[in-house]
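Everything below concerns the one structure shown next.
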Amino acid sequence: MYLNCHSYYSFKYGTMSVASLIAEAKAKKLDALALTDINSVSGVFPFIREAQKNGIHPVIGTDFRNGVRQQYIGLAKNQEGFYELNRHLSHHRTKGIPFGERAPVFQNSFVVYPLPSKFFILRENEFIGVHSYQLNRIIKSPWFRHKDKLVLLQPVTFSSKLEFNTHRLLRAVDKNTLLSKLEPEEQGEVSDMLYSYADIVGRCEGHSYLLYNAQKLLEACQFSFYFQAVKNKRDVLGSDWEDYDFLRQETFKGAINRYPDLSPEISKRIEKELELIQQKGFVSYFLINYDIVNFAQHKNYYHVGRGSGANSIVAYCLGITDVDPVELDLYFERFINLYRENPPDFDIDFSWTDRDEVTQYIFDKYNKEGQEHVALLGSYSTFQANSMLRELGKVFGLPKTEIESLIYHAGKSEYIPDQYGKLILKYSQVLHGMPSHLTIHACGILISHKPIHYYTATEMPPKGFPLAHIDMHIAEDIGLHKFDILSQRGLGHIKSAIEIIYQNQGVKVDIRQVEKFKKDTKIKEHLRDGHTIGAFYVESPAMRMLLAKMKADEYLELVAASSIIRPGVARSGMMREYILRHVDPERRKQAHPVMMEIMPETYGIMVYQEDVIKVAHYFAELSLSEADVLRRGMSGKSRSKDEFQRVKDQFFSNCQRLGRDSKITTEVWHQIESFAGYSFAKGHSASFAVESYQSLYLKAYFPLEFMVGVINNFGGFYHTEFYIHELRMNGADIQAPHINESDYLTNIKGKTVYLGFVHMKFLEKISVEKILTERRANGDYLGLSDFIGRVDISLEQALILIRIGCFRFTGKSKQELLWEAHFILNKRKTVTTGNELFKQAGFRELQVPELEPADIRQEIVDQIDILEFPLDSPFHLVKDQTVPSIKARDLKQCLGKSVQIIGYLVTIKYTRTVKGDVMNFGTFIDREGDWIDTVHFPPVVKKHPFKGKGIYLIKGKVTQEFDFYSIEVESCERMAYWNATD
Numbered sequence: 001m002y003l004n005c006h007s008y009y010s011f012k013y014g015t016m017s018v019a020s021l022i023a024e025a026k027a028k029k030l031d032a033l034a035l036t037d038i039n040s041v042s043g044v045f046p047f048i049r050e051a052q053k054n055g056i057h058p059v060i061g062t063d064f065r066n067g068v069r070q071q072y073i074g075l076a077k078n079q080e081g082f083y084e085l086n087r088h089l090s091h092h093r094t095k096g097i098p099f100g101e102r103a104p105v106f107q108n109s110f111v112v113y114p115l116p117s118k119f120f121i122l123r124e125n126e127f128i129g130v131h132s133y134q135l136n137r138i139i140k141s142p143w144f145r146h147k148d149k150l151v152l153l154q155p156v157t158f159s160s161k162l163e164f165n166t167h168r169l170l171r172a173v174d175k176n177t178l179l180s181k182l183e184p185e186e187q188g189e190v191s192d193m194l195y196s197y198a199d200i201v202g203r204c205e206g207h208s209y210l211l212y213n214a215q216k217l218l219e220a221c222q223f224s225f226y227f228q229a230v231k232n233k234r235d236v237l238g239s240d241w242e243d244y245d246f247l248r249q250e251t252f253k254g255a256i257n258r259y260p261d262l263s264p265e266i267s268k269r270i271e272k273e274l275e276l277i278q279q280k281g282f283v284s285y286f287l288i289n290y291d292i293v294n295f296a297q298h299k300n301y302y303h304v305g306r307g308s309g310a311n312s313i314v315a316y317c318l319g320i321t322d323v324d325p326v327e328l329d330l331y332f333e334r335f336i337n338l339y340r341e342n343p344p345d346f347d348i349d350f351s352w353t354d355r356d357e358v359t360q361y362i363f364d365k366y367n368k369e370g371q372e373h374v375a376l377l378g379s380y381s382t383f384q385a386n387s388m389l390r391e392l393g394k395v396f397g398l399p400k401t402e403i404e405s406l407i408y409h410a411g412k413s414e415y416i417p418d419q420y421g422k423l424i425l426k427y428s429q430v431l432h433g434m435p436s437h438l439t440i441h442a443c444g445i446l447i448s449h450k451p452i453h454y455y456t457a458t459e460m461p462p463k464g465f466p467l468a469h470i471d472m473h474i475a476e477d478i479g480l481h482k483f484d485i486l487s488q489r490g491l492g493h494i495k496s497a498i499e500i501i502y503q504n505q506g507v508k509v510d511i512r513q514v515e516k517f518k519k520d521t522k523i524k525e526h527l528r529d530g531h532t533i534g535a536f537y538v539e540s541p542a543m544r545m546l547l548a549k550m551k552a553d554e555y556l557e558l559v560a561a562s563s564i565i566r567p568g569v570a571r572s573g574m575m576r577e578y579i580l581r582h583v584d585p586e587r588r589k590q591a592h593p594v595m596m597e598i599m600p601e602t603y604g605i606m607v608y609q610e611d612v613i614k615v616a617h618y619f620a621e622l623s624l625s626e627a628d629v630l631r632r633g634m635s636g637k638s639r640s641k642d643e644f645q646r647v648k649d650q651f652f653s654n655c656q657r658l659g660r661d662s663k664i665t666t667e668v669w670h671q672i673e674s675f676a677g678y679s680f681a682k683g684h685s686a687s688f689a690v691e692s693y694q695s696l697y698l699k700a701y702f703p704l705e706f707m708v709g710v711i712n713n714f715g716g717f718y719h720t721e722f723y724i725h726e727l728r729m730n731g732a733d734i735q736a737p738h739i740n741e742s743d744y745l746t747n748i749k750g751k752t753v754y755l756g757f758v759h760m761k762f763l764e765k766i767s768v769e770k771i772l773t774e775r776r777a778n779g780d781y782l783g784l785s786d787f788i789g790r791v792d793i794s795l796e797q798a799l800i801l802i803r804i805g806c807f808r809f810t811g812k813s814k815q816e817l818l819w820e821a822h823f824i825l826n827k828r829k830t831v832t833t834g835n836e837l838f839k840q841a842g843f844r845e846l847q848v849p850e851l852e853p854a855d856i857r858q859e860i861v862d863q864i865d866i867l868e869f870p871l872d873s874p875f876h877l878v879k880d881q882t883v884p885s886i887k888a889r890d891l892k893q894c895l896g897k898s899v900q901i902i903g904y905l906v907t908i909k910y911t912r913t914v915k916g917d918v919m920n921f922g923t924f925i926d927r928e929g930d931w932i933d934t935v936h937f938p939p940v941v942k943k944h945p946f947k948g949k950g951i952y953l954i955k956g957k958v959t960q961e962f963d964f965y966s967i968e969v970e971s972c973e974r975m976a977y978w979n980a981t982d
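Right, here's the structure in full:
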């Protein structure tokens, strides 16, 4: 009889989770109810699962509303009904069209209208809904003569007075209004709750037909859904056998390229994988990924295939990945096994500039005319307690200062005496974790065999591709597995660098010669010394330090480094132990013999996700399926806590049976537990390592072009300033933006690098377009007056160009040019945008007085103001130039000594000790441009905290670990800068 229930997937309206709604229904001894969220179907499948588990008949539908105004409710009779409701909802949500007063003709759905003021003829599947408080009104209505068309419409939105208050707060937040000013029509009725059958019968006394008719509708809706069946596109070429034949053919074709001497062992592994892929029904999944990669290669888009799919030799042969699982001895069962229901995980990275076109291709290729089969995967943005303090503070009308004070005291778990403060804190915790709105998953795309609207509605976000109403957990639960299409800047660096190399040197680079790169002596040297700035995944201070400590110069060492840098391994203490065993063969003897036997490559230390499976399988004799449950559980992917606990108990029980020392067993478990959720799959690390090698090749042989590519893709660990610094250290002549030489992005001509106009934060894009368009059409600018005569630009924009030095080729000082710009642009009366100069007579004869050139320090101040970083040495700005300082290159000679050094801050890493105290790791450059690494323990952090960007006077003791030198800081103070009044 409940035809209009809302969960919290009625965003910023409903308050109950699906589980809470079902629990409430069960407590009221209800045997059926309908979930009809407002313009949303996100809760449908969790609702079906939960209802069936509790013996309740689930009915699904949608509450179609314009804003909060209810137009009608649709209830699906069956799967076809759900499809037509989803299509209708999606059409309106995608196009932004309001819902009409009447529903369209549905063949497999019921429609319930709220009691209207006017009488109209209903279709066979249409009914009028009557609220319990409308009983007196219905008696006097013409609808009363059509009792067979009247049903009880009792909305359900909350379960208590507390939740009603929560509902009102959500509505106020949604409307961005004070709670006291929330309009009654913007919220539900206080009676919009579930009642027992006896209560509802009492409320509808004399109108039992309403309950009877509503119950008949519920019984007539029979939506059956088989969760276990795979819903992904089942075939690519038209049939299963054609797909498999093509997959086999393409795999062996690729195998000949990958393995010129195709051994029986390789062929056997390929056959084994192909058999299992076919057996598990994953053939089309592989072919679609193969198709995506082929499209990208045809368009010359670089990609990196990673995820557990990188363990697959079939994926390697097809070119989906560039990781040889045989060379790396990748764990086959991590990729696919008989117990795994989901397809292997392919994460395919493209350049951030290419991903949208790849996504467009997928939508174009796998949609059919009039039927959508493709959608972006959804996700849910949830309310967080801290952010809700601010939102609820505004709703209650608190001044900003009081809100900030409340947030401060709540963050410190301090007592809050204020009544409003207590109320806000209470409801922020109630709202914490509740879905706020639908958003886009970072990379997931769904491709369904039947049209996507059989499973979900869609809407159109600003990104321009249809977005599904379900997240990855729901999609996985219903057998609709995502394709992961990601973007990253690293591939953009590589692509841009290759284009720039060709433009600047005429050299065509083949970046796919990874095997050659692995043996290259210059690349090995860069790795060993940690000279990796700009190179994908290996440029951070922590990674450079790790590489230097390991003296890593081999592919497998880089693969290991890519994983042990992760928090889990470091937290367990195993990163340091790994380095110790790596550099000292004697230390390896401390490894447990069984662990050493299982993982000889990593000296008996768990480094990869696969190691969890290996150790669980060989050390504790768990089956492969049980070991994978362990791995998935620890990485947060397990759907059953009971199953995980059972496997954990089995782990300890088996170890005891095998006679393992209990202390060692506990230590092994601790290692598993401490890093399993953070570690990489080995194939994942290996995929990243391949891209690192490609970056390092470009850095080693084309350092200038490579760094320009990094700068032009606006991504990397460091700020643009330090990539420019790296260019300078490699011999580039760095030039500020130049009106005749610069482009929108940074360019390089020989060894001269001209910074792009894009880096000038106050220069408007329209101004840049005008400058470049006119220059391309009519040639270089002859000077400032010629420029102003040809480009329609404001005085403010012209002054920015002058201050950064865009007209330095004229030989005039900035002061002269600024004087000239003011004179011209304040006095001019006629400006043309073509080749003509000013029509104002006598302008060319303007005589500008000779003025003093700017001080180098003023130049740097202008650079920082316009670019947000200096192009000249920032050390010129230090007020006291007499402070003594050693050089970074002298640290080795000062081991164990206290030193004083001046450093320009690059980056800070914040972390905590095991006791929870804050400590820092700092990275600086000295006057010579060499790098300085510092360690700031908690007492120093408290006494000498960082105070933002700038130059610091650092005092401390030089320490060394594994030949890596750093300063253990005793004091660190930002130095005073020069200013124009000095």
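In the working numbering, the protein residues as written are 1 to 982.
Cβ atoms here follow ideal geometry from the backbone N, Cα and C, with glycine treated the same way.
- With respect to A32, L218 sits close: the two C-beta atoms are nearer than 7 Å.
- Between the region 54 to 72 and the region 472 to 479 there are fewer than three C-beta pairs closer than 8 Å, too few to call the two in contact.
- Per DSSP, reduced to three states, the secondary structure at M919 is strand.
- Within the region 933 to 962, the runs of beta strand (DSSP E) at least 3 residues long that lie entirely inside it are, in chain order, 951 to 961.
- When the five nearest sequence neighbours on each side are left out, the beta carbons in the same chain lying within less than 6 Å of the beta carbon of G604 are those of A591, M595 and M596, in order along the chain.
- Cα atoms of I277 and V283: separation of roughly 6 Å, rounded to the nearest angstrom.
- Straight-line spacing of the CA atoms in T321 and N257 works out to 14 Å.
- Between the beta-carbon of F962 and that of I407 there is about 43 Å, and that puts the pair past the 8 Å contact cut.
- The C-alpha of A410 is placed about 46 Å away from the C-alpha of V708.
- Excluding five sequence positions before and after Y209, the CB atoms of its chain that fall closer than 7 Å to its own CB belong to K147 and L150, given in chain order.
- For S687, the enclosing alpha helix (DSSP H) starts and ends at K682 to Y701.
- With fewer than 16 other Cβ atoms from the protein chains shown falling within 10 Å of its own Cβ, P98 counts as exposed.
- For H91, the enclosing alpha helix (DSSP H) has its first and last residue at Q79 to K95.
- Straight-line spacing of the CA atoms in E525 and D890 works out to 21 Å.
- Listed as beta-bridge partners of L467 by DSSP are L376 and E459.
- Annotation for T36: the continuous beta strand (DSSP E) segment containing it runs A32 to I38.
- Taking C-beta separations shorter than 7 Å and ignoring five residues to either side along the sequence, the partners of M729 in its chain run G929, following chain order.
- By the 16-neighbour rule on beta-carbons within 10 angstroms, T666 is exposed.
- Here the alpha carbons of N713 and I856 stand approximately 30 Å from one another.
- Between M543 and the set V583, R566 and V314, the nearest pair of CA atoms involves R566.
- DSSP places N294 inside the alpha helix (DSSP H), whose first and last residues are V283 to H298.
- Pairing L398 with S623, the inter-Cα distance amounts to about 59 Å.
- In terms of CA proximity to G238, L287 leads the group D192, Y555, L287 and K26.
- Burial is judged here by how many other beta carbons sit within 10 angstroms of a residue's own beta carbon; K549 has at least 16 and is buried.
- Boundaries of the beta strand (DSSP E) harbouring C443: P435 to I447, taken from the DSSP string.
- Closest option to T911, judged by alpha-carbon separation, among I902, G903, V861 and F921: F921.
- Going by DSSP, S971 is part of the beta strand (DSSP E) stretching over F964 to R974.
- Scanning the region 722 to 758 from its first residue to its last, the whole beta strand (DSSP E) runs of 3-plus residues come out as 733 to 735, 747 to 749 and 752 to 754.
- With contact defined as three or more Cβ pairs closer than 8 Å, the region 437 to 450 and the region 370 to 383 are in contact.
- Relative to the Cα of H617, the nearest Cα in the group V647, E643, E601 and V607 belongs to V647.
- Put simply, the backbone Cα of I711 is about 44 Å away from that of V668.
- If you look at F99, you'll find it isn't in any beta strand (DSSP E); DSSP assigns it neither H nor E.
- Of the residues assessed, V293 falls on the buried side of the cut-off, its CB having 16 or more other CB atoms within 10 angstroms.
- The count of Cβ pairs closer than 8 Å, one atom from the region 269 to 276 and one from the region 302 to 314, reaches three, so the stretches are in contact.
- For I313, the three-state secondary structure derived from DSSP is helix.
- Taking 8 Å as the upper bound for CB-CB distance, S695 and G490 are in contact here, some 7 Å apart.
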